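**Student:** Residue numbers (UniProt numbering): 1 to 228.
Cβ coordinates follow ideal geometry from the N, Cα and C atoms, glycine included.
On a predicted model such as this, the values are computed, not experimentally measured, just so you know.
1) Under three-state DSSP, which class holds residue 64?
2) To the nearest angstrom, how far is it from the Cα of residue 111 to the Cα of residue 172?
3) Looking only at C-alpha atoms, which of 53, 41 and 2 sits nearest to residue 33?
4) Counting along the chain, where does the alpha helix (DSSP H) carrying residue 101 start and finish?
5) Using 8 angstroms as the threshold, is the C-beta distance between residue 147 and residue 38 below it?
6) Which residues in the same chain as residue 140 place their Cβ atom closer than 7 angstroms to its Cβ, once the five residues preceding and following it in sequence are excluded?
7) Report the partner residues of residue 165 according to the DSSP bridge assignment.
8) Keeping to the same chain, check which residues put their C-beta closer than 7 angstroms to that of residue 80; ignore five residues upstream and five downstream.
9) Among 91, 47, 143 and 104, which one has its Cα closest to the Cα of residue 26?
10) Have a look at 5, 150 and 158 and flag the residue whose alpha-carbon is nearest the alpha-carbon of residue 30.
11) Looking at residue 50: is its Cβ nearer than 8 angstroms to the Cβ of residue 43?
12) From this set, 102, 155, 57 and 92, which residue's C-alpha is nearest residue 82's C-alpha?
13) Taking just the CA atoms, how far does residue 177 sit from residue 61?
14) Pick from 98, 47 and 41: whose alpha carbon is nearest that of residue 69?
Now the structure itself:
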């Protein structure tokens with residue numbers, strides 16, 4: 001149960017976030033528990049997480065703001081283990097380094113900064129960039145289909161997620177169809193190249209045939225000359 005100070009502080013922070021949204025971040029308390037916050041980090045451009053939708057939780061102690069929250073990420077990212085407490089300087093792993101002046105926005109900005117870095121920590125994982133990009137493309141499908149907490153806390157995002165998933169599937173199908181068509185129907189340059197090679201083979205065969213006829217004629221003439 002939240003202390004009076006924690007409740008007052010967290011409500012103030014929520015209202016501040018509503019009035020002054022932070023880029024790439026959305027956060028709100030669970031309807032039934034103000035100490036349980038849910039956040040969404042939108043993957044920043046020019047990173048392996050670009051366009052991704054990363055859902056996670058901040059679990060605050062009743063002593064907040066004098067003690068830091070536990071931080072977890074639920075959506076697979078290729079950067080953090082899912083549903084695992086993250087060891088960050090502003091998480092409950094490091095209560096001594098915690099500053100009571102830090103807020104939800106401070107925590108999540110720090111999380112985005114750490115996420116896009118190459119630093120290693122408890123709860124972090126190392127994967128190839130291609131893997132992280134693949135996870136980013138799958139985040140909305142995961143949140144919609146495999147993440148009931150996301151569905152419950154962010155209902156206003158569900159329809160947009162559905163549309164984005166359908167558009168992504170249509171774009172992928174189009175690329176696959178174009179690739180299949182190209183494989184079946186070679187390009188004009190390939191067709192020209194094939195035709196050229198075919199003509200070369202025909203020319204070679206015709207010249208070879210003429211050479212054989214000439215050779216046989218000469219051989220026959222020599223044979224007849226010898227008999228004479």
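**Tutor:** Taking the coordinates as given:
1) coil
2) 31 angstroms
3) 2
4) Element bounds for residue 101: n/a, residue is neither H nor E.
5) no
6) 53, 161, 164 and 165
7) Per DSSP, none; premise fails for residue 165.
8) 73, 86, 123, 124 and 125
9) 104
10) 150
11) yes
12) Nearest C-alpha to residue 82 among 102, 155, 57 and 92: 57.
13) Cα to Cα, the separation comes out at about 53 angstroms.
14) 98
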